[in-house]
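Structure first, commentary second.
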Amino acid sequence: MTKKTLAEWWEETYGSSAKQAEEGDAAYDEVEALYAKLGKEPAVDASVEVIRKEMAAVYRDMRSGRIDCNDGTRLAYVLDLLRKSHESTVVKDRLGILEKAVGVKPDNGGPDWLGLPFGDAGPE
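Residue 74 in numbering that gives the first Met the number 0 sits at position 75 of the sequence shown, and the numbers go up by one each step.
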């Protein structure tokens, strides 16, 4: 038995995208139209890679003894917070793009039970 790559297994199981395009699969056409509207951006932003590399550098410095483990843990924690905030911003932006492309009105308000002024511009 020979090992298959994931791409080979996918094509064998679900067929090729060219075959789907020829058959006129409606879902395939919708997805391709959505890609045409959105453009194809990389899934991993360069900023996330920079943060990941910095976290790796902190880890290497802790392993080699250049940074105290307590300080390194704090640095890694702050870097993780930066990564999370960056990811949430990117997800929010991409969701807005998807909502605009699909034609859905975005939900600008937050949950009512929090009692916070999410949609409020603040005092004038």
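Virtual Cβ for every residue (Gly too), placed ideally from N, Cα, C.
So Ile50 and Leu81 are supposed to be a Cβ contact under 8 Å. How far apart are they, rounded? Confirmed, Cβ separation roughly 6 Å.
How many Å lie between Ala55 and Asp24 at the Cα? As the crow flies, the alpha-carbon of Ala55 is around 44 Å from that of Asp24.
If distances are taken between C-alpha atoms only, which option among Glu86, Asp92 and Gly64 comes closest to Ala45? The residue with the shortest Cα to Cα distance from Ala45 is Glu86.
From the DSSP output, in three-state form, read off Thr88 for me. Under the three-state reduction of DSSP, Thr88 is assigned to helix.
Arg93 by DSSP, collapsed to three states: which one? Reduced to three states, the DSSP call for Arg93 is helix.
Checking 8 Å against the spacing of the C-beta atoms, do Val47 and Leu78 come in under that value? Pairing Val47 with Leu78 gives a Cβ-Cβ distance that is not under 8 Å.
What's the C-alpha gap between Ala100 and Lys2? Going from the Cα of Ala100 to the Cα of Lys2 covers about 40 Å.
Going by DSSP in three states, Gly71 sits in which element: helix, strand or coil? DSSP places Gly71 in helix when its eight states are reduced to three.
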